[in-house]
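As structure tokens, the structure follows; a few thoughts come after it.
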Amino acid sequence: MSKLYFSYELVHIICKDLSERILEFKPDIIIAIGGGGFIPSRILRSFIKVPIFCVSMKFYDDETNSTLSKPILLQWIDKLNYSEINQKRVLIIDEVDDTRTTLAACCEEIIERHTPEDIGVAVLVNKLKEKRKDLPTFNNKEIQYYSGLELEDLWIKFPWDADDIFQHTSISNEQFSEYIENYKNKNINENINDNNEN
1 MSKLYFSYEL
11 VHIICKDLSE
21 RILEFKPDII
31 IAIGGGGFIP
41 SRILRSFIKV
51 PIFCVSMKFY
61 DDETNSTLSK
71 PILLQWIDKL
81 NYSEINQKRV
91 LIIDEVDDTR
101 TTLAACCEEI
111 IERHTPEDIG
121 VAVLVNKLKE
131 KRKDLPTFNN
141 KEIQYYSGLE
151 LEDLWIKFPW
161 DADDIFQHTS
171 ISNEQFSEYI
181 ENYKNKNINE
191 NINDNNEN
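Here the sequence shown is numbered in my numbering, starting from 1 and rising by one per residue.
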């Protein structure tokens, strides 16, 4: 299977773009799914400015290199903090939507344990493939869904999993050079237009 390498720069760019759409949802809190959702959640918080709570669910067995039959809940939010979620607009963040199993399980836990006002989901990457699970409905409507990139079903190597970060970044820069240049040019053009309007 082909691999795509994501650098920290690329992750930051995706998060910045994603944040502009997420702000329309107006989240009150972020729930980061560990471990892949931790770093994107922290980067997104720079733009969204809301508290982060962390949960941990295991769906991949590192010893067998295979998925489990269903996600195992390893850590949830302390009951002392339930009031931070109830009647709030909750945004769940993970790095990739592969089978959608973990995202669906996290949404179901929130619906079962809490009384949020609304629920949204954001991922850096949505893999364009058939999903094993659907996101549940909440208050008779679909859960808001945001993805940074829509990519074919390739193996994604994130920078927090790199052994050699310099080699990893170099490969990423080659694979995504056009995307990064387009982003830089877009921002340069926006800044020039903003300055001309002032």
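Virtual Cβ for every residue (Gly too), placed ideally from N, Cα, C.
Among the options, which one has its Cα closest to the Cα of residue i?
i, options, result
"Phe158", "Thr169, Glu152, Leu151, Asn81", "Thr169"
"Ser69", "Met57, Trp76, Asp78", "Met57"
"Ile152", "Val125, Asp134, Tyr5, Lys141", "For the record, residue 152 in the displayed sequence is Glu; it is not Ile. Looking at the Cα atoms, Val125 is the closest of the given residues."
"Asn81", "Ile110, Asp61, Tyr60, Leu73", "Ile110"
"Phe47", "Ala32, Asp17, Asp62, Phe53", "Asp17"
"Ala122", "Lys79, Tyr60, Ala104", "Ala104"
"Ile156", "Ile31, Val96, Ser83, Arg21", "Val96"
"Glu117", "Arg21, Ile29, Glu20", "Ile29"
Alpha carbon to alpha carbon, how far is residue j from residue i? Give it in angstroms, no decimals.
i, j, result
"Lys127", "Asp98", "5 Å"
"Asn139", "Tyr183", "37 Å"
"Ile13", "Glu150", "15 Å"
"Pro27", "Pro51", "10 Å"
"Leu10", "Ile180", "7 Å"
When burial is assigned at 16 or more other CB atoms within 10 Å of the CB, is residue i buried or exposed?
i, result
"Ile85", "buried"
"Asp94", "buried"
"Gln144", "buried"
"Leu23", "exposed"
"Arg100", "buried"
"Thr102", "buried"
"Ser83", "exposed"
Can you give the beta carbon distance from residue i to residue j, rounded, assuming they're within the 8 Å contact cut?
i, j, result
"Cys107", "Leu74", "Rounded, the Cβ-Cβ distance is 17 Å, inconsistent with contact."
"Arg89", "Phe25", "7 Å"
"Ile72", "Ile92", "So it is not a contact: roughly 17 Å between Cβ atoms."
"Cys54", "Gly36", "Not quite, the Cβ-Cβ distance comes to about 12 Å (not below 8 Å), so this is no contact."
Can at least three beta-carbon pairs, one atom from the segment 41-52 and one from the segment 163-171, be found at a separation below 8 Å?
no
Would you call the segment 2-13 and the segment 170-190 touching, i.e. three or more CB-CB distances under 8 Å?
yes
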